[in-house]
Amino acid sequence: MTRLILSVIPSLALAQALPSRRWTEIENHLRHTPETLYVLNFWSTWCRPCIAELPHLQAAYHKLKSTLPVQFWLISLDLPPDGAYKAAQLLRQKHISLPAFWLSENDPNTWIPRLNPEWDGAIPYTHLGLTPIGHPHAFSSPQEVEDFVKRGYDAMGNPFRQPPADWRQGGR
Amino acid sequence: MMRWVTLFVSLLLTGVKVGDKAPTFSLKNIDGKLVSLSDYAKEKGVIVIFTCNHCPYAKLYEDRIIALHKEFASKGFPVVAINPNAPEIVPEDSYENMQKRAKEKGYPFPYLFDETQEVAKAYGATKTPHVFLLKKEGDDFRVAYIGAIDDSPNDAKKVQKRYLAEAIQALLDGKAVPIPETKAIGCSVKYRK
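This is how it looks when you write it as structure tokens:
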């Protein structure tokens with residue numbers, strides 16, 4: 000217990016924690032803002048390829064935001080008790096200013112199948128809003144991120160529309 | 000749109016599916032000896048777990064994997080742990096460090112090094128830990144369950160659903176595995192490019 004408190008305190012001193020969100024809160028937000036294409040990036044401070052791609056995501060956002068109604072969200076899967084602090088600290092150190100949340104969920108089987116039944120939980124993983132479009136690998140350049148978002152945007156229709164409510168049915 | 004979905008599926012579905020014949024393997028254990036799937040021909044099945052030293056999720060499960068082996072090895076389902084990571088990408092997952100970690104934790108099961116990453120590719124391991132429960136059927140092993148160990152990676156005390164243990168129990172009872180596939184968060188397998 001003492002060890003736990005000691006490990007949390009230095010993080011507290013250095014950074015604010017990321018705001019915590021349940022999966023249903025994220026999903027509801029996406030459902031109510033169908034005019035924005037959300038790029039959801041699932042990452043964690045213990046995932047090296049995730050950290051490596053953060054600057055690519057940020058650079059791509061700054062290039063895309065003037066032409067597409069796009070928003071990037073970094074969703075940290077860091078572990079409690081101090082994951083939300085560690086994640087905030089790392090983003091500050093790396094000068095990543097994209098909006099970020101800490102996902103307050105324990106069993107991935109409660110929320111991953113709702114986002115994409117094909118994703119098996121390996122990160123990094125990037126997903127376009129409530130569409131069926133996901134990228135199950137790390138991005139190695141801002142251009143790759145841009146291409147992924149643009150192709151997804153075009154595939155979903157312009158202006159961006161939410162897929163029909165039943166898109167997950169029919170074996171997808 | 001369908002093209003995207005198809006692309007996604009094809010990226011993830013390399014490897015085995017539940018019901019498939021399990022790929023064989025013969026890999027170097029931490030004691031220097033080779034361990035093969037065929038060594039387990041007399042068991043009812045094998046719990047193959049791709050795991051490693053460095054990943055925080057793998058660390059959270061070390062004690063639970065030891066407990067699983069102690070619970071199920073005597074019932075015919077021993078654990079075989081396999082490290083699929085390339086040590087030039089993650090030095091903490093080198094063969095020497097595997098030996099060290101296995102000794103520290105007193106692993107009662109083999110901890111194999113998938114040096115060429117061929118076995119991980121054949122199974123389609125994408126992360127650590129990643130479980131493939133194999134069931135002996137005739138002369139073959141077949142995949143009976145793929146996914147997570149339980150529903151609470153963060154906290155062993157809060158486990159409510161023991162997905163893997165429930166799958167093994169179903170096989171022991173001669174029943175169908177209730178949930179043959181689950182999702183698990185984990186560190187991506189560090190494949191060489």
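Going down the list, the protein sequences come from chains G and W. With numbering that gives the first Met the number 0, you'll find the first sequence wraps up at 171, consecutive numbering, no jumps. With numbering that gives the first Met the number 0, you'll find the second sequence wraps up at 192, consecutive numbering, no jumps. Built from N, CA and C at the ideal position, the CB exists for glycine as well.
C-beta contact flag for GLU145 (chain G) and ALA59 (chain G) at 8 Å: yes
Using the C-alpha atoms, what's the distance from PRO33 (chain G) back to ILE111 (chain G)? 20 Å
Give me the DSSP bridge partner(s) of PHE140 (chain W). PHE140 (chain W) pairs with W:LYS135.
Can you pull out the residues from the stretch 28 to 54 of chain G whose beta carbon lies closer than 7 Å to at least one beta carbon of chain W? TRP45, CYS46, PRO48
Between GLY128 (chain G) and chain W, is there a C-beta pair that is closer than 8 Å? no
Touch check for the stretch 68 to 88 of chain W and the stretch 113 to 129 of chain W: three-plus C-beta pairs under 8 Å? yes
GLN98 (chain W) beta carbon less than 8 Å from that of ILE29 (chain W): yes
Chain G within 8 Å of SER35 (chain W), Cβ atoms only: no
How would you label SER139 (chain G), buried or exposed, when you count the other beta carbons within 10 angstroms and need 16 or more for buried? exposed
Quick one: Cα of GLU136 (chain W) to Cα of GLY123 (chain W), how far? 21 Å
Excluding the 5 residues preceding and the 5 following SER75 (chain G) in the sequence, name in chain order all residues of the same chain whose CB lies nearer than 8 Å to its CB. LEU17, TRP42, SER43, THR44, GLY82, ALA83, ALA86, ALA99, PHE100, TRP101, LEU102
Give the list of continuous alpha helix (DSSP H) stretches no shorter than 4 residues that lie fully inside the stretch 12 to 53 of chain G. Along the length of the stretch 12 to 53 of chain G, whole alpha helix (DSSP H) runs at least 4 residues long occupy 22 to 31, reported in chain order.
Using 8 Å for Cβ pairs, my map puts LEU26 (chain W) next to LEU111 (chain W). What's the rounded Cβ distance? The Cβ separation is near 4 Å, so the contact holds.
Through-space distance from PRO107 (chain G) to ASP149 (chain W), alpha-carbon basis: Cα-Cα distance, rounded: 10 Å.
Determine, using beta carbons only, whether ASP81 (chain G) comes closer than 8 Å to chain W. no
Using a cut-off of 7 Å between C-beta atoms, extract the partners of LYS126 (chain W) located in chain G. GLY120, ALA121
Can you tell me the Cα-Cα spacing of CYS54 (chain W) and PRO48 (chain G), whole angstroms? 13 Å
For chain W, check one thing: does any of its Cβ atoms lie closer than 8 Å to the Cβ of ASP146 (chain G)? Not closer than 8 Å to any Cβ of chain W, the Cβ of ASP146 (chain G) fails to qualify, so no.
If you reduce the DSSP assignment to three classes, tell me which class PHE71 (chain W) lands in. helix
Buried or exposed by the 16-neighbour rule on C-beta atoms within 10 Å, applied to HIS61 (chain G): exposed
Mind checking if ILE111 (chain G) is an interface residue toward chain W, Cβ cutoff 8 Å exclusive? yes
Please name the residues in the stretch 81 to 108 of chain G whose beta-carbon is closer than 7 Å to at least one beta-carbon of chain W, in chain order. ASN105, ASP106, PRO107, ASN108
Going along chain W in order, which residues have a C-beta closer than 7 Å to the C-beta of LEU78 (chain G)? PRO55, ASN153
Kindly say whether LYS157 (chain W), judged by its beta-carbon, lies nearer than 8 Å to any beta-carbon of chain G. yes
Chain-ordered residues of the stretch 164 to 188 of chain W with a beta carbon less than 9 Å from chain G: ILE178, GLU180, THR181, LYS182, ALA183, ILE184, GLY185, CYS186, SER187, VAL188: these are the residues of the stretch 164 to 188 of chain W whose beta carbon lies less than 9 Å from some beta carbon of chain G, given in chain order.
Quick one: grab the DSSP three-state call for ALA155 (chain W). helix
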